[in-house]
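Participant: The letter at position 1 of the sequence shown is residue 1 when you use full-length UniProt numbering, and the numbering goes up by one with no holes.
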Amino acid sequence: MEVSSEVRVEEVRMVQLFQDVFPSEIPGFPPAREVEFFIDLHPGTGPISESP
1 MEVSSEVRVE EVRMVQLFQD VFPSEIPGFP PAREVEFFID LHPGTGPISE
51 SP
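1. Compare the C-alpha of Ser24 against each of Pro31, Thr45, Glu10, Glu50 and name the closest.
2. Can you tell me which of the three DSSP states Val12 falls into?
3. Can you tell me which of the three DSSP states residue 53 falls into?
4. Using only the alpha-carbon positions, how far apart do Ala32 and Phe18 sit?
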């Protein structure tokens, strides 16, 4: 199976539905970046619930 990194506008359903919003050419995806994100979980701690 051949995989292409190029995406044509005609192939993207959402772009087809809203052609007046999207540019005629999609420049591509941004480069992959490593994101350091984590949530420290402490044993025995329950979920926090606050009313607005």
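Cβ coordinates follow ideal geometry from the N, Cα and C atoms, glycine included. Model, not experiment: these values are computed from the prediction.
Facilitator: Once the coordinates are examined:
1. Sequence index remark: in the sequence shown, residue 24 carries index 24 (1-based). Considering only alpha carbons, the answer is Glu10.
2. The residue given as residue 12 occupies position 12 in the sequence shown. Val12: coil per DSSP, three-state reduction.
3. Residue 53 lies beyond the stretch modelled for the chain, which goes from 1 to 52, so this question has no answer here.
4. Residue 32 sits at position 32 when you count from the first residue of the sequence shown. Residue 18 sits at position 18 when you count from the first residue of the sequence shown. Between Ala32 and Phe18, the C-alpha separation is close to 27 Å.
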